Amino acid sequence: MTKYNSLTKRYPDQSHKEIFAHFPYDGANGETWESPYEHLVRLTKDEDWHFNRPEFKTKYKQQFPILTNYLNYTFLRTQELNLISYSADGDKACFNTGLQTKDEKDIFALFFKNKEAAKYKVPTWTLYTFADSYSTKLNPYKPLPDLATYITNPSDLVFDTKLNIEINTEHIIDQNKDRLPAVLQANRRLAMTALNGSIESLKSKVQRNYKVAIPHWYEGKMQLLLPLNLTDDNQADVALVVDKDTERNIYRATTILTMDLAYIDARLITRPDREWLNP
């Protein structure tokens with residue numbers, strides 16, 4: 006079975022052999038590459054699939070950056086778990102997007118095989134449509150594919166305030182200083198002071214509200230995202246990624262993420278609580 010690197014084309018010179026599907030659109034009638042995602046958004050429960058912060062709007066230059074990333078990584082997880090279903094003749098495929106309609110019906114992505122894909126050097130599969138579980142378009146798939154799962158140990162979802170946090174200072178301060186607020190990038194000592202002070206206050210935040218720790222999936226394991234208020238007491242500047250070390254009984258602070266990357270990663274597991282992580 007072919008293993009694909011992405012659901013759709015992610016960068017200009019990506020080989021068609023790495024891509025699962027082509028998402029078609031009718032450019033002659035005013036559609037764009039985002040039109041299939043617009044259809045999906047109309048099906049789903051109301052949710053912000055775009056960023057509201059001006060700096061992130063400028064960075065992504067698209068309508069649904071959160072959704073396109075969510076769908077891509079959901080596909081990769083379903084592929085990993087062998088949750089892509091195929092019709093009996095092998096000409097159709099579908100997977101559970103993990104999203105639901107406003108009536109709480111599961112939404113599936115459906116595809117058909119392009120039998121001339123090799124000839125034209127395009128992806129083997131083409132998006133047919135998105136459909137809810139009531140649709141007759143899902144008749145070729147019995148049973149319907151399950152949604153991708155990530156949680157094996159529920160305790161991984163909760164930050165244990167009894168454990169200490171050890172910081173990978175070199176990686177956070179030196180190798181990723183471009184993710185820090187501008188005022189800290191040129192002053193390592195000030196950055197260290199701000200980082201240590203913010204981490205000191207994290208345990209009390211989590212003790213008062215366990216939802217402060219947000220699950221995050223990376224390279225096959227569950228991690229937690231925590232807010233780092235480095236320059237503003239009322240708004241997190243970056244998200245701290247912590248990884249539980251069960252042998253040493255500590256959390257390792259492995260890196261920091263900008264708020265856009267943190268939200269994209271967190272949304273893969275669930276819609277994040279708006280306590281501090283907002284698109």
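Number 135 in this note's numbering belongs to position 130 of the sequence shown; there are no gaps in the numbering.
The beta-carbon is built from N, C-alpha and C at its ideal position, and this holds for glycine as well.
Just so you know, these numbers come straight off a predicted model, no measurement behind them.
Exposed is the label assigned to residue 87, since fewer than 16 other Cβ atoms lie within 10 Å of its Cβ.
Under the rule that a run must span 4 or more residues, the alpha helix (DSSP H) segments found entirely inside the stretch 215-282 read 264-272. Beta bridge pairing from DSSP links residue 130 with 26 and 118. Per DSSP, reduced to three states, the secondary structure at residue 191 is coil, with no helix or strand assignment. Judged by DSSP secondary structure, residue 64 falls within the alpha helix (DSSP H) whose first and last residues are 59-65. Per DSSP, residue 43 is one residue of the alpha helix (DSSP H) stretching across 40-48. Following the DSSP letters along the chain, one finds residue 86 in no beta strand (DSSP E), marked with neither H nor E.
Judged by their CB atoms, residue 30 and residue 41 are nearer to each other than the 8 Å cut-off.
Unbroken beta strand (DSSP E) runs of no fewer than 3 residues, entirely contained in the stretch 167-213, are found at 170-172, following chain order. DSSP, read as helix, strand or coil, puts residue 14 in coil.
Between the C-alpha atoms of residue 51 and residue 63 there is a straight-line separation of about 23 Å.
With respect to the C-alpha of residue 94, the residue from 117, 43, 106 and 192 having the closest C-alpha is 117.
Counting every other CB atom within 10 Å of its CB across the protein chains shown gives residue 228 a total of 16 or more, marking it as buried. The stretch 196-214 makes contact with the stretch 227-241, as at least three CB pairs between them are under 8 Å. A Cβ-Cβ separation of about 11 Å leaves residue 247 out of contact with residue 261 under the 8 Å criterion. Under the three-state reduction of DSSP output, residue 80 falls in the helix class.
In this structure, DSSP gives residue 146 a state outside helix and strand, which the three-state scheme calls coil.
Taking a 10 Å sphere around the C-beta of residue 9, we find 16 or more other C-beta atoms and assign the residue as buried. For residue 181, the CB contacts under 8 Å within the same chain, skipping 5 residues up- and downstream, are 260 and 261 in chain order.
Looking only at 71, 189, 132 and 172, the smallest Cα-Cα distance to residue 96 is reached by 132. Check the Cα spacing between residue 268 and each of 218, 25 and 194: the tightest is with 218. Secondary structure note for residue 102: its beta strand (DSSP E) is the uninterrupted segment 97-105.
Of the residues assessed, residue 276 falls on the exposed side of the cut-off, its CB having fewer than 16 other CB atoms within 10 angstroms. Residue environment: residue 101 is assigned as buried (16 or more neighbouring CB atoms within 10 Å of its CB, all protein chains considered).
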